[in-house]
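Protein chains in written order, with this note's numbering: chain G, 9 to 269; chain S, 9 to 269. Backbone N, C-alpha and C define an ideal beta-carbon position, used for all residues, glycine too. All values derive from a computational prediction rather than experimental measurement.
2 protein chains.
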Amino acid sequence: MKIATYNVNGVNGRLPVLLRWLQEAQPDVVCLQELKAPQERFPLKEINDAGYNAIWHGQKSWNGVAILSKGYEITEVQRALPGDPEDIQSRYIEAIIDQIVICCLYLPNGNPYPGPKFEYKLAWIDRLKKRTDELIKMDLPAVIIGDFNIIPTPFDVHKPERWENDALYRIEVRKAFEKMLKKGWLDSIRTLFPEEKIYTFWDYLYKAYDRDAGIRLDHVLLSPYLSSRLKSGGVDRHVRGWEKSSDHAPVWIELEKEGKQ
Amino acid sequence: MKIATYNVNGVNGRLPVLLRWLQEAQPDVVCLQELKAPQERFPLKEINDAGYNAIWHGQKSWNGVAILSKGYEITEVQRALPGDPEDIQSRYIEAIIDQIVICCLYLPNGNPYPGPKFEYKLAWIDRLKKRTDELIKMDLPAVIIGDFNIIPTPFDVHKPERWENDALYRIEVRKAFEKMLKKGWLDSIRTLFPEEKIYTFWDYLYKAYDRDAGIRLDHVLLSPYLSSRLKSGGVDRHVRGWEKSSDHAPVWIELEKEGKQ
DNA sequence: GAGGTAAGAG
DNA sequence: CTCTTACCTC
């Protein structure tokens, strides 16, 4: 089973690129972030025509997340991260697909630091921690996947020294990410490529992609139960070079069939 | 000599379509309207690369007119319709190309009727009348060409009864157009196709092009001196069906070489 | 730089 | 509907 994440930065503007990539990569499950479309303007018809069914949680202008699947039924579990009924931003959607809990997230950016947006990010991470601790405790096969807006280590950024006070790299969020891993979640891409520079995002500005001035923000975390099934993975970084591409590249992993292990 | 007019509705957004049509139609002279670009953002390089030189009068957001020519020198005569120094809208540019006076215009829309915009339209037509009377008096070979925003007759609109109080069809502007023809100007497209329904504009709304709910707004008027050289003409209406097309279609005529008559 | 929104014009 | 500008976010 191939599971992917792609921050599309506008699902309608990105549709040609998204469909081209789906056709090429043929993932079984795709988590999308930054739909930037209200619920009723999700391009379901075109997604269906490409062979995918979908659930999504839209929002006008910002955020918005979706889970797509080809050939597997999608059973929605929830469309909000528990812990704050006041939080109306569409950043989390959770479903069960082929007996696996898929948690698709678009974690707050948090800039500027310091400030209320950074505080919101920390609070959001706390709530995520509670949810993911539960999943671990319940011993479920689960995937936490999406745009974390967290650069996990100095090795995951072109010039670490420039990022010290950026919300994507602040020590608080790196520590929180590390704490999740300590609980048992596997950073699958880093595990597969322990020594390689791997980026998933290159800014539109300053020809960041041409200079490979990127950062690693999009992650696929596997619960202990699933970790042994990790077969392969990667970043489709060439997609970032396509015409009218998102500033993120798709990230994917492949899991061994359950019977095989 | 093939002379064309095309209301592009944004010269920068329309560039792929414009270049494709230029390549296909190979006009010698092209009058453009609704550049919707300030003077410094006219895409001269791309126009030059397509083999055309150009003069233009831009304006931020609205209006804007240009004259393009392939292989002929363009001698600019004026870039404003005489008669009102207060009028700063870029709606008129005049040049001599191959001994012919080319008057490229984007006549005010004039809606809503009644109101100051309609009054401005009538005043603009008055000034145009003065200028074109002069050209007739001087016996010059001249072409008045562009988007007149005038539906000349009931035969030039899908459903005339719906347009009685529209500034494009108001009796005042139709009368004014008729008066120009009486002075000696030849409505070349109508002359070539006296019996046919001919439209040059189809609204973006309500699938107007699919329903062929169009109107005839773009005209090519020939001075008496030139009328005998009229060889052929037409509307490239298929261009209106292209992806990302303008709401207008290009209109063109072909003149016999001067020696030939 | 490139998405989104909104208003104004057509 | 589809242009434009100006603004906001990342």
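Review point. Would you call G/P1 buried or exposed, if buried means 16 or more other Cβ atoms sit within 10 Å of its Cβ?
Key: The first residue shown for chain G is 9 and the last is 269, placing residue 1 of chain G beyond what the model contains.
Exercise for review: Note down the Cα distance separating G/E264 from G/Q34, rounded to an integer number of angstroms.
Suggested key: 16 Å
Point to revise | Spatial distance of G/V109 from G/K138 (CA atoms) | key: 15 Å
Exercise for review: Take the Cβ of S/N71 as the centre, count every other Cβ of all protein chains shown within 10 Å, and call the residue buried at 16 or more, exposed below.
Suggested key: buried
Point to revise | Residues near S/Q97 in its chain [Cβ-Cβ closer than 8 Å; skip 5 each side] | key: Q67, W70, N71 and P116
Exercise for review: Identify the continuous alpha helix (DSSP H) that holds S/Q31 and give its terminal residues.
Suggested key: L23 to A33
Practice item. Spell out a yes or no on whether the segment 167–187 of chain G and the segment 241–258 of chain G are touching, meaning 3 or more CB-CB pairs, one atom from each, closer than 8 Å. Key: no
Exercise for review: Pull up the distance between the alpha-carbon of G/I153 and that of S/G21, whole angstroms please.
Suggested key: 38 Å
Point to revise | Cβ shell of S/A221 (< 6 Å), same chain only, five flanking positions each side left out | key: H166
Check your understanding: So who's on the other strand from G/F209, going by DSSP bridges?
Key -> G/I223 and G/H256
Check your understanding: Considering only the beta carbon of each residue, do S/A208 and S/L225 sit closer than 8 Å?
Key -> Ala is not the amino acid found at residue 208 of chain S; the sequence shown has Thr there. Contact flag set, yes.
**Study point:** Euclidean distance between Cα positions of G/V73 and G/K145
**Key:** 26 Å
Point to revise | Beta-bridge partners of S/E262, as assigned by DSSP | key: S/K10 and S/S240
**Study point:** Contact under 8 Å by Cβ, G/L43 with G/V85
**Key:** no
Review point. How big is the Cα-Cα spacing for S/G118 and S/K125?
Key: 5 Å
Exercise for review: Could you give the DSSP three-state label for G/N56: helix, strand or coil?
Suggested key: helix
Exercise for review: Look up S/H246 in the DSSP assignment and give the residues it is bridged to.
Suggested key: S/H246 is not bridged to any residue.
Practice item. Check the DSSP bridge columns for G/Y100 and list the partner residues they point to. Key: G/L113
Exercise for review: Identify the continuous alpha helix (DSSP H) that holds G/W132 and give its terminal residues.
Suggested key: P124 to K145
Exercise for review: Starting from S/E84, trace the beta strand (DSSP E) both ways and give me its first and last residue.
Suggested key: T83 to Q86
Exercise for review: List the endpoints of the continuous alpha helix (DSSP H) containing G/L189.
Suggested key: I179 to K191
Review point. According to DSSP, which residues form a beta bridge with G/S77?
Key: G/V37 and G/N61
Review point. Do you know offhand how far G/A88's Cα is from G/C112's?
Key: 10 Å
Point to revise | Range of the contiguous beta strand (DSSP E) that encloses G/I153 | key: A150 to D155
Review point. Excluding five sequence neighbours on each side, which residues of the same chain lie with their C-beta closer than 6 Å to the C-beta of G/V181?
Key: I158
Exercise for review: Have a look at the DSSP bridge pairing and note the partners of G/N71.
Suggested key: Partner(s): none; G/N71 has no beta bridge.
Exercise for review: Determine the contact status of G/L76 and G/E54, defining contact as a CB-CB distance below 8 Å.
Suggested key: no
Review point. Given that a residue counts as buried once 16 or more other Cβ atoms are within 10 Å of its Cβ, and exposed if not, what is G/R170?
Key: exposed
Practice item. Give the straight-line distance between the Cα atoms of G/D155 and S/L26, rounded to the nearest whole angstrom. Key: 40 Å
Practice item. Keeping to the same chain, check which residues put their C-beta closer than 6 Å to that of G/Q41; ignore five residues upstream and five downstream. Key: N15, V73, Y114, G154 and D155
Check your understanding: Would the beta-carbon of G/D36 fall within 8 Å of that of G/I63?
Key -> no
Practice item. Take G/I261 as the anchor and find which of G/S196, G/G59, G/E204 and G/P232 has the nearest alpha-carbon. Key: G/S196
Check your understanding: What did DSSP end up calling S/I159 once you bin it into helix, strand or coil?
Key -> coil
Practice item. Measure the C-alpha to C-alpha separation of G/I223 and S/P46 and round it to an integer number of angstroms. Key: 38 Å
Point to revise | Backbone secondary structure at G/D106 - three-state DSSP | key: coil
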